[in-house]
Amino acid sequence: MSHDSQVRAVFREFVTGITVVTTGPVGDAATRHAMTANAFCSISLDPVLVMVSVAHTARFHAAITATDGWAVSILASDQSAVAAHFARSGRNLATQFDGIEQVAAERTGAPLIRGSRAWLECRTHDLVRAGDHTLVLGEVLAAGVNPASGQPLTYHRGGFGLPSPG
Ligand SMILES: Cc1cc2nc3c(=O)[nH]c(=O)nc-3n(C[C@H](O)[C@H](O)[C@H](O)COP(=O)(O)O)c2cc1C
């Protein structure tokens, strides 16, 4: 089946959270990179695996397929501007972290976005080519929740947040 408007309409009905996936050490503008992704999910508990699906056309694709260590920040509801920022096509990669509060994750050195709901550090377990995306499977090295960060950011029908009931 080719991607027609009916398929897109169905995909848009699925509510997701929003993550920012990052590579590279904090402070190293040459290798660190980030991209907003909602095609993220947990995959396995033994071993603990997660997955993020990255488009071949995204500049982030080269970064995540070249590195072993990466991190995932699960955004909070007041971070839609951060999500929009790391989704902006053609943004200046050298300055993309300017003004973004971040800390270096302990195991990988990848940036974690401050104020996120939760975070994970991963080592690449496998790369699976799937159509025009690569499924990046990560073994979880470390994880944490930040209970002080409010509600999670959601995404539905092409917009942040849920539609109001009724
Ligand atoms: C809410 C949202 C979710 C997204 N999820 C994904 C995703 O899961 N995988 C992906 O490859 N791109 C995803 N994108 C698109 C990328 O963020 C975007 O194409 C990329 O950052 C563009 O940067 P570039 O110019 O470096 O390629 C998403 C965009 C938005 C707004």
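Mapping of the sequence shown onto my numbering: residues 3 to 168, in sequence order.
Just so you know, even glycine gets a beta-carbon here, dropped at the ideal spot from N, CA and C.
Fair warning: this is a prediction, and the values are worked out from it, not measured in the lab.
Cβ distance (whole Å) where residue i is taken to contact residue j below 8 Å
i    : j    : result
D134 : A57  : 6 Å
L143 : D128 : Their Cβ separation, rounded to whole angstroms, is 15 Å, which puts L143 and D128 out of contact at 8 Å.
Q98  : L155 : Q98 to L155, Cβ: 19 Å. No contact.
V130 : L137 : 4 Å
S79  : Q8   : The pair is not a contact, with the Cβ atoms about 30 Å apart (cut-off 8 Å).
P27  : A106 : 7 Å
A65  : T25  : 5 Å
Near ligand 1: residue i beta-carbon under 6 Å from a heavy atom
i    : result
G19  : no
S79  : no
G92  : yes
N148 : no
M53  : no
T156 : no
R61  : yes
T110 : no
T67  : no
V56  : yes
A41  : yes
A89  : yes
T24  : no
T38  : yes
Run of the alpha helix (DSSP H) containing residue i, from where it starts to where it stops
i   : result
I66 : F62 to A68
V74 : Counting along the chain, V74 falls outside any alpha helix (DSSP H), though it belongs to the beta strand (DSSP E) covering G71 to I76.
Residue range of the beta strand (DSSP E) that includes residue i
i    : result
Q104 : Q104 to A106
S79  : Run containing S79: none; DSSP gives neither H nor E here.
F13  : Careful: F13 lies outside any beta strand (DSSP E), inside the alpha helix (DSSP H) at S7 to E15.
D219 : Residue 219 lies beyond the residue range present for the chain, which begins at 3 and ends at 168; the question has no answer from this structure.
T25  : T21 to T25
T59  : Looking at the DSSP string, T59 is not in any beta strand (DSSP E), and its letter there is neither H nor E.
A39  : H35 to A39
L47  : F42 to L47
P1   : What is shown of the chain runs 3 to 168, which leaves residue 1 out entirely.
G140 : H135 to V147
Residue j beta carbon less than 7 Å from that of residue i
i    : j    : result
T1   : V54  : Missing from the structure shown is residue 1; the chain here goes from 3 to 168 and no further.
E141 : R159 : no
R119 : S91  : no
F62  : H35  : yes
A85  : I20  : yes
L122 : A145 : yes
>> Three Cβ pairs or more, each shorter than 8 Å: is that satisfied between the region 74–90 and the region 109–128?
In response: yes
> Does the region 8–17 touch the region 42–58, meaning 3 or more C-beta pairs lie closer than 8 Å?
Replying inline: no
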